[in-house]
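Student: The opening residue of the sequence shown carries number 890 in our numbering; numbering runs sequentially from there.
Glycine is no exception: its CB is placed at the ideal position from the N, C-alpha and C atoms.
Quick caveat, the model's predicted, so the values are computed rather than measured.
Pasting in a structure now, in structure tokens, and then I'll have a few things to ask.
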Amino acid sequence: MIQSLFRAWLMTLLGAGLLSWTTLALGASNAALPPNTMTLAKLVGQTNPIDLRGTQTIFPVYIPLSERMVPDKVVLHLEYVNSIALIGERSQLVVKLNESVVAQIPLNPARPEGIADIRLPSKRFKSGYNLISFNIVQHYESNCEDPDAPELWSQLDTQNSYVKFEGELAKVNPKLSEIDSLFDQRWLGDYQLTVATPVFPTSDYATWGAMVSQAAAVHLEYKTPQIFHEVLQYKNTSDQKRLKNYQFPYLDQKPLRGRDAIIIGTQADLQQILGSRWSSTVSGPYLGVFPMDEDPQHFIMVVSGIQAEDVAIAERILGYMNFPLPDQAVANFNGLKMDHLPRFAASNMVSQNTTYRLYDFGYETTTMSGAGGGSVDVGIMLPPDTYVAETSSVDLNLHFAYGAGMRGDSVFNIFINGRFENVVRLSEIEGEAVRRHTITIPTRSLKPGMNTLTFAARMMTDSSAECQLRNDANLLFTLYDDTTIEFSGLDSYVEMPNMKLLATTGYPYSYNDDGETTVVGLSSNDSDVLAASWTLMGKLAEVMRHVSTDLQYRLGDLSGLDSDNLIVVGTVQGLDANLLKLAPIKLGEESLLQYARAAEAGQQPRYEGSRLWINADEYGAREFNYVNPSLQGNGLGDFGLLMQFQGGDYANTVTLFTAGSGKNLLATSRELITPEIWSNVQGDVTAWKAGEEEVYARSLGESYHIGQPRFSNWLIYHLSADPWMFIGVLLLFLLLLALFIRWLLTRFRETHH
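And the structure:
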């Protein structure tokens, strides 16, 4: 009954338009794909079909292959549709693997829908990224034809086409220098990791588990690990063969088999289980990696030390290790020294009010050629709490050159996050080299976190008459890496709660400053709750691109925290009742829900995308009419719930992840870290269900602000957000001006009469 009530609650909000919902990218047809299978949709990052147009087109697809995978059989399953206007004898689709032809598929206009299963030679695959290119040749005339005729098209189905690998993992002989190969971002499918402790975790063990989970996520980069928790079990044995051949003969490895494992703990806590032979190698902060005795295709990593402080140092070193040393399986470290970093730090992060070259963001001078031209992407990150005034702008100073003899409609387009922003017309028939061409872009076109600037040249030859020989060797455009971008007027001020910022940047938990502590509070040290919290913290590390600088776990009692940033994970029944009263949805034995009644036009929340972080709703604040029914129980059922709110005495900002049971908490955490769900986290309430495709998000609570902007920007922000405040300030200014003028007139009379 409670589950049906909660479902009705969510559906009512959806029908009223007050819940923002999104249908996930991949349909149910792909849910039953076999292991080690990746759809083209996941490989190319789009669910729409791949369009192949013109007389000749090449579309590249990169397939990741882990160093630990030994492929035995690789099959490309391809589903496609081609135009019925093609000449079958002259039209074909050629498939290449790392530039070698592996298949030629004729395009038959009489049978335009096709399915092909192509056996790809496994020996031609290499660890890393393998290029499969779809090279299409299409004709509708035997003699001269328009190369851009609308009849020349074919489509590849991205959702039902896939690459399937068959094979097995190689046996590992790991070293610490190979950590990026152990936690390999090119891993096929979900990466699962067991974090094991010798006892049910205390707050220290919970913190260490979160840090090693974050370290794994940082090395995996784009693939968040699914974390499992196990309590290590002692195996009493007198088997001489086991005692002789096993690295850890007294460790019961059955619960660890089938996944990589990280064991954390002090030397004293681990000595009985891992043995005296192992403990004698520990002399300080310790990292060791070994093949699993009973599953040598997976590894066991041990993070340990003599004292608790040693373990903390070792797990931090694991998160920062990004250079291939030491080249050995075991290492003891004497300590850890770190340079102080800015509040937010990442390789592509801009500082405020500074000029950068594109080179600083990893871009290298690139030449685009041919009628198709081409495009290049440059990633630029803004601090997550950046605020700019509406009138602020960014100057892009382009350094480029292009060839002669182009048609007058040749252009160089500039896109920001996939949206067209500006253009340079390539109009000089003799060609041109331009040292500084300034384009002004409103700063509000950028968003907090990662922004993608796309530079795309579209060049046309001047010889375009039908059947005329065409020369496209002159179609050249070079964008130089000393092109600069100038930022000014940036400030630190952001409206909260804003879980879109959490999902894209990790804010407000993305500080690098040692003085900013993130506290994670758990309802219990149950394995499901622990694993759910560690999975969430791994996702935040992936988003932030670094491990948390200062992280502390608290079990149960959350009173007396000395932190501005709090994350709470647990079941509703185990959470602090006073904390739940501060949340946007009041959950407990009797929950208070919130529905809206639209009394007039405009009474519907709107998500403004990037405008949320820049300014208030351009049409002013809206007042909503609410109905607040109470519900016996929490009604969560199988749903997971993520909420963000101001924490009162607990913390400035609280992010709460909860579910009705530990089992559901863990299941929904697995779902939460997928790109399909995580990319739709927003507002201050987001709800989703394991195994289903809908995500529900909206804003229910009160807003507040974080940051210390300049007074001028603070005043502009709040005057634009509240028109009555603007009117009041204006009237006050006019009153003061009138009083000042009256005082001047009085002084003038006294002086001259």
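Is the stretch 1095–1103 close to the stretch 1166–1179, with three or more CB pairs under 8 Å?
Tutor: No, because fewer than three Cβ pairs between the stretch 1095–1103 and the stretch 1166–1179 fall closer than 8 Å, the two stretches do not touch.
Student: Kindly indicate the opening and closing residues of the alpha helix (DSSP H) around E1431.
Tutor: Start and end: S1416 to M1433.
Student: Buried or exposed: which applies to E1002, given that a residue is buried once 16 or more other Cβ atoms fall within 10 Å of its Cβ?
Tutor: Exposed, since its Cβ has fewer than 16 Cβ neighbours within 10 Å.
Student: Which partner residues does F1546 have in the DSSP bridge list?
Tutor: Per DSSP, V1458 and L1531.
Student: For the stretch 1017–1030 and the stretch 979–998, state whether three or more C-beta atom pairs, one from each stretch, are separated by less than 8 Å.
Tutor: Flag = yes, the stretch 1017–1030 and the stretch 979–998 touch.
Student: With DSSP as the reference, please indicate the residues paired to F1301 in a beta bridge.
Tutor: Paired residues: V1313 and A1346.
Student: Rounded to whole angstroms, what's the CA-CA distance from R1500 to V1409? Just pull it up for me.
Tutor: Bear in mind that a pLDDT of 30 at R1500, under 50, signals an unreliable position, so the number given afterwards is only what the model happens to contain. Taking the straight line joining both Cα atoms gives about 30 Å.
Student: Can you have a look at R1075 and say buried or exposed, based on whether 16 or more other CB atoms are within 10 angstroms of its CB?
Tutor: Buried.
Student: Measuring only the C-alpha atoms, how far is I1616 from L1626?
Tutor: Going by the C-alpha atoms only, they are around 15 Å apart.
Student: Looking at the unbroken beta strand (DSSP E) that takes in R942, where does it start and where does it end?
Tutor: Start and end: I939 to R942.
Student: Find out if the Cβ-Cβ distance for the pair P1180, S1066 is shorter than 8 Å.
Tutor: It is not a contact, given that the beta carbons lie outside the stated cut-off.
Student: Are V964 and L1009 touching if we call contact CB-CB under 8 Å?
Tutor: Contact flag set, yes.
Student: Using 8 Å as the threshold, is the C-beta distance between L1368 and F1289 below it?
Tutor: Taking 8 Å as the Cβ cut-off, L1368 and F1289 qualify as a contacting pair.
Student: Would you mind working out which of S1236, Y1175, Y1245 and D1228 sits nearest Q1217, comparing C-alpha positions?
Tutor: That would be Y1175, whose Cα lies nearest to the Cα of Q1217.
Student: Could you pull the start and end residues of the alpha helix (DSSP H) that K1112 belongs to?
Tutor: Here K1112 belongs to no alpha helix (DSSP H), and DSSP marks it neither H nor E.
Student: Please state the DSSP three-state secondary structure of M890.
Tutor: Low per-residue confidence applies at M890: pLDDT is 37, beneath 50, and the placement is therefore not dependable, though the value from the model is reported in the following sentence. Of the three classes helix, strand and coil, the one that applies to M890 here is coil, per DSSP.
Student: Spatial neighbours of D1069 within its chain, please: C-beta separation below 6 Å, excluding the five flanking residues on both sides.
Tutor: For D1069, where only same-chain residues beyond five positions count, the Cβ hits under 6 Å are H1108.
Student: Between the Cα of K1060 and those of E1119, R957, Y969 and D1128, spot the shortest distance and give me the residue it belongs to.
Tutor: Checked all of E1119, R957, Y969 and D1128; the closest Cα to K1060 is R957.
Student: From A1150 to T1083, what does the alpha carbon distance come to, in whole angstroms?
Tutor: Whole-angstrom Cα-Cα distance: 5 Å.
Student: Can you find at least 3 beta carbon pairs, one from the stretch 1441–1458 and one from the stretch 1118–1136, that sit closer than 8 Å?
Tutor: The stretch 1441–1458, when compared against the stretch 1118–1136, does not touch it at the 8 Å Cβ threshold.
Student: Are the CB atoms of P1090 and N1414 within a distance shorter than 8 Å?
Tutor: Closer than 8 Å, so yes.
Student: Between I1318 and L1342, is the Cβ-Cβ spacing less than 8 Å?
Tutor: Cβ distance not < 8 Å, so I1318 and L1342 don't count as in contact.
Student: Using the three-state DSSP reduction, which class does W1076 fall into: helix, strand or coil?
Tutor: In the structure shown, W1076 sits in coil (DSSP, three-state: anything other than H, G, I, E or B).
Student: For F1366, list the residues DSSP reports as bridge partners.
Tutor: According to DSSP, F1366 bridges with M1257 and Y1291.
Student: With a threshold of 16 other CB atoms inside 10 Å of the CB of Y1139, please say whether the residue is buried or exposed.
Tutor: So Y1139 ends up on the buried side.
Student: Here's the rule: buried if 16 or more other CB atoms are within 10 angstroms of the residue's CB, otherwise exposed. What is R1347?
Tutor: When all chains shown are included, R1347 counts as buried.
Student: With DSSP collapsed to three states, give me the class of H1594.
Tutor: It is a strand residue.
Student: Can the beta-carbon of D1284 be found less than 8 Å from the beta-carbon of T1327?
Tutor: A contact, by the Cβ cut-off of 8 Å.
Student: In three-state DSSP terms, what is D1216?
Tutor: It is coil, neither helix nor strand.
Student: How about the stretch 1311–1325 and the stretch 1375–1386: do they share at least three Cβ pairs that are nearer than 8 Å?
Tutor: Cβ pair count under 8 Å is below three, so no.
Student: Step through the CB atoms of chain D and report whether any lies within less than 8 Å of the CB of K1130.
Tutor: The chain inventory of the structure shown lacks chain D, comprising one protein chain alone.
Student: Could you check whether the stretch 1572–1582 touches the stretch 1118–1132, counting it as contact only if at least three pairs of C-beta atoms, one from each stretch, sit closer than 8 Å?
Tutor: No, the stretch 1572–1582 does not touch the stretch 1118–1132.
Student: Thinking C-alpha only, which one of L1520, L1450 and R1296 is nearest Q1483?
Tutor: The option with the nearest alpha carbon to Q1483 is L1520.
Student: Which residues bound the beta strand (DSSP E) around M1388?
Tutor: That residue, M1388, is in no beta strand (DSSP E); its alpha helix (DSSP H) goes M1388 to T1394.
Student: Could you please give me the residues that DSSP links to Y1245 through a beta bridge?
Tutor: Paired residues: I1374.
Student: Within the chosen definition, does the stretch 1428–1446 reach the stretch 1529–1539 through at least 3 CB pairs nearer than 8 Å?
Tutor: No, the stretch 1428–1446 is not in contact with the stretch 1529–1539.
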